[in-house]
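Numbering (my numbering), first residue to last: 972 to 1037.
By construction, the Cβ of each residue, glycine as well, lies at the ideal position given by its N, Cα and C atoms.
Below is one structure, written out as structure tokens, with a few remarks after it.
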């Protein structure tokens, strides 16, 4: 999904805090930088659920586009 905002994907062995921060900076333009940081947490139990992800993205969409 990061490619939808023009951000580079952060996968498995390529994971680093710097790459997560880079993706989060790219997501600032659409108001989802904090969400991206959470979604890319190394530990799965710290990531938002699919339901929470959908809720947060939809809320930002409504905020921006009514």
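Q. Apart from the five residues on each side of it in sequence, which residues of its chain come closer than 6 Å, Cβ to Cβ, to residue 1002?
A. In the same chain as residue 1002, and ignoring 5 residues on each side of it, the C-beta atoms closer than 6 Å to its own belong to 1031, in chain order.
Q: With distances taken Cα to Cα, identify the nearest neighbour of residue 987 among 997, 999 and 1008.
A: The option with the nearest alpha carbon to residue 987 is 1008.
Q) Alpha carbon to alpha carbon, what distance is there between residue 1026 and residue 982? A) 23 Å
Q. Going by beta carbon distance, what residues of the same chain come within less than 7 Å of residue 1012, once the five residues before and after it are set aside?
A. 1018
Q) Leaving out five residues before and five after residue 1028 in sequence, what residues of the same chain have Cβ atoms less than 8 Å from its Cβ? A) Contacts found: 1003 and 1006.
Q. What number of angstroms, rounded off, separates the C-alpha of residue 989 from the C-alpha of residue 996?
A. If you take the alpha carbons of residue 989 and residue 996, they lie about 10 Å apart.
Q: Count the other CB atoms, across all protein chains shown, that sit within 10 Å of the CB of residue 994; report buried if there are 16 or more and exposed otherwise.
A: buried
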